[in-house]
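*Asks:*
Number of protein chains: 2
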Amino acid sequence: MTGRVVPAGGLERFALNSATTKHWPLPDLVAGCVEAGVTQVGLWREDLVAPGPTGAASLLRDAGLTVTSLCRGGFFTTPDWYDDNRRAIEEAATIGAPELVLVSGGLPPGSRDLDGTRDRITEAIGRLVPDALAAGVRLAIEPLHPMFASDRCAVSTLGQALDMAELFPVAAVGVVVDTYHVWWDPDVWRQIARAADRIACFQLADWITPLPAGVLLGRGLPGTGCVDMARFVRAVDAAGYTGPVEVEVFHEEVWARPGAEVLAEAVEGYRAAMAG
Amino acid sequence: MTGRVVPAGGLERFALNSATTKHWPLPDLVAGCVEAGVTQVGLWREDLVAPGPTGAASLLRDAGLTVTSLCRGGFFTTPDWYDDNRRAIEEAATIGAPELVLVSGGLPPGSRDLDGTRDRITEAIGRLVPDALAAGVRLAIEPLHPMFASDRCAVSTLGQALDMAELFPVAAVGVVVDTYHVWWDPDVWRQIARAADRIACFQLADWITPLPAGVLLGRGLPGTGCVDMARFVRAVDAAGYTGPVEVEVFHEEVWARPGAEVLAEAVEGYRAAMAG
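Those protein sequences? They're chains A and B, same order as listed.
The first sequence begins at 1 in full-length UniProt numbering and counts up one residue at a time.
The second sequence begins at 1 in full-length UniProt numbering and counts up one residue at a time.
1) So Arg112(A) contacts chain B; which residues on that side make the cut at Cβ distance below 8 Å?
2) Given this structure, state the Cα-to-Cα distance separating Gly10(A) from Ala260(A), to the nearest angstrom.
3) Between the stretch 200–215 of chain A and the stretch 145–152 of chain B, are three or more C-beta pairs nearer than 8 Å?
4) For the candidate residues Cys226(B), Ser156(B), Arg87(B), whose alpha-carbon lies nearest to that of Val188(B)?
5) Counting C-beta neighbours from all protein chains within 10 Å, is the total for Ser104(A) 16 or more, i.e. buried, or is it exposed?
6) Using a C-beta to C-beta distance shorter than 8 Å, which residues of chain A count as neighbours of Asp178(B)?
7) Near Arg13(B), what residues of its chain come up, given a Cβ to Cβ distance below 6 Å and the 5 sequence neighbours on each side ignored?
8) Output needed in chain order: residues of the stretch 204–220 of chain A with a Cβ under 7 Å from some Cβ in chain B.
9) Out of curiosity, what's the CA-to-CA distance linking Gly110(B) and Val101(B)?
10) State buried or exposed for Glu252(A), treating a residue as buried only when at least 16 other CB atoms are found within 10 Å of its CB.
11) Can you tell me whether residue 350(B) is buried or exposed, with buried defined as 16 or more other CB within 10 angstroms of its CB?
12) Ends of the alpha helix (DSSP H) at Arg138(A)?
13) How many angstroms separate the CA atom of Pro169(A) from the CA atom of Leu133(A)?
14) Looking at Leu158(B) and Leu191(B), is the spacing between their C-beta atoms short of 9 Å?
15) What does the alpha-carbon distance come out to for the pair Val233(B) and Met274(B)?
16) Could you check whether Cys71(B) and Arg112(B) sit closer than 9 Å to each other, using their CB atoms as the reference points?
17) Indicate the three-state DSSP secondary structure (helix, strand or coil) for Glu12(A) in the structure shown.
18) For Thr94(A), report the span of its alpha helix (DSSP H) as first-last.
19) Thinking Ala19(B) and Glu248(B) are a contact (beta carbons under 8 Å), I'd like their distance in whole angstroms, please.
20) Which of the three DSSP states is assigned to Ile125(B) in this structure?
21) Helix, strand or coil for Ile208(A)? Go by DSSP, reduced to three states.
22) At 8 Å on the CB atoms, spell out the chain A contacts of Pro146(B), in chain order.
23) Work out the CA separation of Asp185(B) and Leu144(A) for me, nearest whole Å.
24) For Asp115(A) and Gly74(B), what's the separation of their Cα atoms in angstroms?
25) For Pro7(B), name the three-state secondary structure that DSSP assigns.
26) Assuming Ser69(A) is part of the beta strand (DSSP E), what are its boundary residues?
27) Answer with buried or exposed for Asp47(B), where buried requires no fewer than 16 other C-beta atoms within 10 angstroms of its C-beta.
28) Quick one: what does DSSP say Trp24(B) is sitting in, helix, strand or coil?
29) If we define contact as Cβ-Cβ less than 9 Å, is Glu252(B) a contact residue for chain A?
30) Looking at the strands, I want to know which residues DSSP matches up with Gln40(B).
31) Are the CB atoms of Ile199(B) and Ala239(B) nearer to each other than 9 Å?
32) If the cut-off is 7 Å on Cβ atoms, which residues from the stretch 153–172 of chain B count as contacting chain A, listed in chain order?
33) For Ala235(A), which residues in the same chain have their Cβ closer than 7 Å to its Cβ, ignoring the five residues on either side in sequence?
34) Give me whichever residues DSSP pairs with Phe202(B) in a beta bridge.
35) Under three-state DSSP, which class holds Leu100(B)?
Okay, here's the thing in structure tokens:
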């Protein structure tokens, strides 16, 4: 496979995030995307382990695929956060990902100091800014749903992510708008308008209930839940965002199905959101 | 048992919410509270079914117990919401509960219209205001954690609850501050200060992980999780709140234990929060 595949009509902004098809090995995912006329993928660092970042870059380039984002840096409460995040920035640069998604991590063990934790996250991001600028990779702060505040991400709203991002140059720090995490927020429409060129990554996943134990793997493919996807597309577009629209879903039942089938449904959900 | 029991030192503001000891029948709960020097309880409508509201009122009065709140009205998307909420107001008046907690309900089946749902909730509360004023019972809007937004409560933040409450007289509509639901909110301290005399009910429950499937029954007794309870006590006190401090926990493991034992731990958590 060489050369750039012309996308099927209307897929110009679609990107498959590899977490949606977690058990699809990278070479198969790449072939499947080419087959479906998909030209953009969001990747995770796990995807880069087997081929190595350089090998992954060749694989993607040869197939004409571009990388929209790399997940993830962050987890700033772990002891080796600085070195690990610098490696993540390098990996993003190597595969040509313009955005590195940051999931901040939650409270340190035994802590009840949420404000202090949030301050330390901001400081940590500030320390990474020079590395990000040097590498030409933007740090994309992702607010996660408040149900993850204690154990996964102390950044809980888009407004809060923007308060952090705006301390730094727009070329260095942006934010992620993931419908799954922010759909409930009465302030989200105002914050999306405020975000404007800080929107580094836009992801679709749907809210479905009941939530499973641990709540991490409860996301639905776009269109299967109660989120008004089309309204989010209109909102980010109105804010001036013209970048990719990634589908990123975590769900055991989705993961158990063939990658190509899931990709087709992700495309279908994307098309419905874009048409709405 | 007749006459008012003098509370043990420092328990003047403590209230046991009966959901914490779900399987303790009301007569046993009443006796257990008297035994422990507890003089205030928050009740649920289920507690009133066996004795009837008038019978429950007698039982409580004879034991010298006062009722801090009744849970719950709300669920405004169900067909009979108006009649059911009027009955709830009557029941609250009968047992002497000054506050009726409202859990609004989530999206109607198949709906993705969160804004519209929130507007209808506000309208429904407005329709109940005359009944509440006539009965001398305040409607207490409870914001629930955003993980319940779709299926249980579309009111997701304290700020949003206050936006609704402030449309009506302070004697008619207040808000609930439940640490479990609002602890993650970066704006909560400002909103508590704003709430002032709208604070109709203050409840303690702790955030513990991992969350169980369905996420309803994942709350910890105060002190067992990561919420800074003492900071919440200081915040509501600084806002001018002088009312009861209820412990309200939902957890299968807590429910499986003897009521008196759970009550003792609830008191212990309350004391730690008040001392902090």
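Beta carbons: idealized from backbone N, C-alpha and C, even for Gly.
*Replies:* Taking the structure as given:
1) Counted from its first residue, the first sequence places residue 112(A) at position 112. Result: Cys226, Val227, Asp228.
2) Position 10 of the first sequence holds residue 10(A). Position 260 of the first sequence holds residue 260(A). Straight-line Cα distance between these residues: approximately 18 Å.
3) The stretch 200–215 of chain A, when compared against the stretch 145–152 of chain B, does touch it at the 8 Å Cβ threshold.
4) Translated into positions along the second sequence, residue 188(B) becomes position 188. The shortest C-alpha to C-alpha distance from Val188(B) to any of Cys226(B), Ser156(B), Arg87(B) is the one to Ser156(B).
5) Position 104 of the first sequence holds residue 104(A). Taking all protein chains in view, the Cβ of Ser104(A) is crowded by 16 or more other Cβ atoms within 10 Å, so the residue is classified as buried.
6) Numbered from its first residue, the second sequence carries residue 178(B) at position 178. Per Cβ cutoff of 8 Å: no residues; Asp178(B) is ~14 Å from chain A at best.
7) Counting from 1 along the second sequence, the entry for residue 13(B) is found at position 13. Only residues of its own chain outside the window of five on either side were considered, and among them Pro244, Val245 have a CB closer than 6 Å to the CB of Arg13(B), listed in chain order.
8) Within the stretch 204–220 of chain A, those residues whose Cβ lies closer than 7 Å to any Cβ of chain B are, in chain order, Trp207, Thr209, Pro210, Leu211, Pro212, Ala213, Gly214, Val215.
9) By one-based count along the second sequence, residue 110(B) stands at place 110. By one-based count along the second sequence, residue 101(B) stands at place 101. Just so you know, the alpha carbons of Gly110(B) and Val101(B) end up roughly 26 Å apart.
10) On the first sequence, residue 252(A) is found 252 positions in, with the first residue counted as 1. Answer is exposed; the Cβ neighbour count stays below 16.
11) Lying outside 1 to 276, the shown extent of chain B, residue 350(B) is not represented and no answer is given.
12) Translated into positions along the first sequence, residue 138(A) becomes position 138. Residue range 138–141 is occupied by the beta strand (DSSP E) that includes Arg138(A), with no alpha helix (DSSP H) assigned at that position.
13) Locating residue 169(A) in the first sequence gives position 169, where the first residue counts as 1. Locating residue 133(A) in the first sequence gives position 133, where the first residue counts as 1. The alpha-carbon atoms of Pro169(A) and Leu133(A) are separated by roughly 9 Å.
14) For this step, residue 191(B) is matched to residue 191 along the second sequence. For this step, residue 158(B) is matched to residue 158 along the second sequence. Note on identity: in this sequence residue 191(B) is Gln, with Leu being the wrong assignment. Cβ distance < 9 Å, so Gln191(B) and Leu158(B) count as in contact.
15) As a first step, residue 233(B) must be located in the second sequence, where it is residue number 233. As a first step, residue 274(B) must be located in the second sequence, where it is residue number 274. A direct Cα-to-Cα measurement between Val233(B) and Met274(B) gives close to 7 Å.
16) Locating residue 112(B) in the second sequence gives position 112, counting from the first residue. Locating residue 71(B) in the second sequence gives position 71, counting from the first residue. Contact annotation: Arg112(B) and Cys71(B) have beta-carbon atoms that are not nearer than 9 Å.
17) Taking the first residue of the first sequence as position 1, residue 12(A) is located at position 12. Glu12(A) falls in the coil class under three-state DSSP.
18) Translated into the one-based positions of the first sequence, residue 94(A) becomes position 94. First-last of the alpha helix (DSSP H) with Thr94(A): 81–95.
19) Along the second sequence, one-based indexing puts residue 19(B) at 19. Along the second sequence, one-based indexing puts residue 248(B) at 248. By a beta-carbon distance limit of 8 Å, Ala19(B) contacts Glu248(B). Their separation comes to about 5 Å.
20) Taking the second sequence and counting its residues from 1, one reaches residue 125(B) at position 125. Reduced to three states, the DSSP call for Ile125(B) is helix.
21) Looking up residue 208(A) in the first sequence gives position 208. Ile208(A): coil per DSSP, three-state reduction.
22) By one-based count along the second sequence, residue 146(B) stands at place 146. Within 8 Å Cβ-Cβ: His145, Pro146, Met147, Trp184, Asp185.
23) Taking the first sequence and counting its residues from 1, one reaches residue 144(A) at position 144. Taking the second sequence and counting its residues from 1, one reaches residue 185(B) at position 185. Each residue's CA atom was taken as its position, placing Leu144(A) and Asp185(B) some 12 Å apart.
24) Position 115 of the first sequence, counting from 1, holds the residue named residue 115(A). Position 74 of the second sequence, counting from 1, holds the residue named residue 74(B). Their Cα atoms are separated by approximately 33 Å.
25) By 1-based counting over the second sequence, the position of residue 7(B) is 7. The pLDDT assigned to Pro7(B) is 45, lower than 50, so where the model puts this residue is not dependable, and the model offers no usable value.
26) Residue mapping note: residue 69(A) aligns to position 69 of the first sequence, counting from 1. Run containing Ser69(A): 66–74, per the beta strand (DSSP E) assignment.
27) Reading the second sequence from its first residue, position 47 is the one you call residue 47(B). Counting the other CB atoms within 10 Å of its CB gives Asp47(B) a total of 16 or more, which places it among the buried residues.
28) Taking the first residue of the second sequence as position 1, residue 24(B) is located at position 24. Trp24(B) falls in the coil class under three-state DSSP.
29) By one-based count along the second sequence, residue 252(B) stands at place 252. Not a single CB atom of chain A sits nearer than 9 Å to the CB of Glu252(B).
30) Here the question's residue 40(B) lines up with position 40 in the second sequence. Bridge partners of Gln40(B): Thr66(B).
31) Taking the second sequence and counting its residues from 1, the one referred to as residue 199(B) is at position 199. Taking the second sequence and counting its residues from 1, the one referred to as residue 239(B) is at position 239. Taking 9 Å as the Cβ cut-off, Ile199(B) and Ala239(B) qualify as a contacting pair.
32) Per Cβ criterion, the list reads Ser156, Thr157, Gln160.
33) Position 235 of the first sequence, counted from the start, is the residue given in the question as residue 235(A). Taken in chain order, the residues that qualify are Trp189, Ile192.
34) Taking the first residue of the second sequence as position 1, residue 202(B) is located at position 202. According to DSSP, Phe202(B) bridges with Val177(B), Val245(B).
35) Reading the second sequence from its first residue, position 100 is the one you call residue 100(B). DSSP, reduced to helix, strand and coil, places Leu100(B) within a strand of the structure shown.
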